[in-house]
Each structure stands twice: as C-alpha cells, then as structure tokens.
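These notes are about the structure you will find just below.
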Amino acid sequence: MKQHTVIDSPCGPLTLVADDGVLCGLYMTAQRHRPPEETFGDRDPTPFAEAEEQLKAYFAGQLREFTLELRLAGTPFQRRVWELLRAIPYGERRTYGDLAAALGAPRASRAVGLANGKNPIGIIVPCHRVVGADGGLTGYGGGLSRKRQLLDFEGGAALF
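First residue of the sequence shown? That's 61 in the numbering used here, and the numbers climb one at a time after it.
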C-alpha cells in the first residue's frame, strides 16, 4: 500500500512516497520523470519520520550518508546504477563514464545517464553527484540550478 507526505526543504517541497512503509520515491516540485500524484497513495506522514529526520540532518550539514531502507523499482541495470550512486561519497563527483566503467561497460555512459535521470529517490540516492566528462553540469531531474546548489552545499557553501 502506497502512502505519501510532503515536507519542506531548502530545495522546496519534497514529496516522499512509501510502499508498505519503505521509501520508494522522493520527488521535487516540477521534477522530470515525476509520476502522477494519483500513484502516490493516501497522504499520511506516519511512515516518513526517519526519512524526514535524516533529510533535516543532511540539510543542516550534520549527515553525510543516508541509512534508510529503500525500495528502488527499476530495471536490473537501473538498480545497479542507483547502487553505484549511493556509493559516491558526500562532496565527491563521478562522471557517467566513471559509473559505466565501474559497471564493466565502459561504453555505456549514455545508458548510465538515462538510468541516472530515472532515479526515483533524489538526494538520498545522490544522482546530483554525477557530472559530464568535462566536469560540467549535465541534466538533473530537479533542474540544473538545484543540482549546482546541492553540489556547492556539499562542497561547503551555504545552502540556497
């Protein structure tokens, strides 16, 4: 059974979605690949206390690694990419090519980029830490300005 809640954050409202009490979605306002609201289930903050606490600690600069149980629904390839994203340390960046090489498929950087873009749990699964081969910002479901702000924040700048 799906449930959702909306919390405030320095990134704007974040919609958290759980399936049987396990976080399966974190979506920003106007996010690309955001599922329709009617798929989020009833609004109920009950299953989200730990996620909200960890997100508040992250935005306060007190948490660098999330320890939440996640339910990542996607293809096997997408889930492998998303697990690699979770392994990128706070404040560091990787390129799509780095991730493709880590998967043993060095020519799959475009497929990695597509999987990265479909990440259903932004911020917690840190797709914002992936940049282009030249280090430049490339697409981000929450918008490039948010990506820049998250990267700058993790680099020590004030958030938003």
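We put the CB at the ideal spot given by N, CA and C, even for glycine.
Remember, predicted model here, so these are calculated numbers, not experimental data.
Practice prompt. State buried or exposed for V172, treating a residue as buried only when at least 16 other CB atoms are found within 10 Å of its CB.
Written response: buried
Practice prompt. Evaluate H93 with the Cβ neighbour count: other Cβ atoms within 10 Å of its Cβ, from every protein chain shown; 16 or more gives buried, anything less gives exposed.
Written response: exposed
Worksheet item: Leaving out the 5 sequence neighbours to the left and right, which residues in its chain are closer than 8 Å to L123 when beta-carbon positions are compared?
Response: Q114 and A117
Item to complete: Could you tell me whether the segment 189-206 touches the segment 101-114, where touching means 3 or more Cβ pairs closer than 8 Å?
Response: Contact between the segment 189-206 and the segment 101-114 is absent: fewer than three C-beta pairs spanning the two stretches fall below 8 Å.
Worksheet item: Whole-angstrom Cβ separation of V82 and L145, contact assumed at under 8 Å?
Response: At roughly 18 Å, the Cβ-Cβ gap does not stay under 8 Å, so V82 and L145 are not in contact.
Discussion item. If distances are taken between C-alpha atoms only, which option among L210, M61 and R167 comes closest to A193?
Written reply: R167
Worksheet entry | Inside the segment 158-199 only - alpha helix (DSSP H) runs reaching at least 4 residues | Scanning the segment 158-199 for uninterrupted alpha helix (DSSP H) segments of 4 residues or longer gives 169-177, listed from N- to C-terminal end.
Worksheet item: According to the Cβ coordinates, are P55 and A133 closer than 9 Å?
Response: An answer regarding residue 55 cannot be provided, because it is not within the stretch 61 to 220 covered by the chain.
Worksheet item: For chain B, is any of its Cβ atoms less than 9 Å away from the one on A90?
Response: Within the model displayed, chain B is absent; a lone protein chain is all it includes.
Worksheet entry | CA-to-CA distance, E98 to L211, given in whole angstroms | Inter-residue distance for L211 and E98 is about 32 Å (C-alpha atoms, whole angstroms).
Practice prompt. Check each candidate in V141, R189 and P149 and name the one with the smallest Cα separation from K31.
Written response: Nothing can be reported for residue 31: it is not among the residues displayed for the chain, which extend from 61 to 220.
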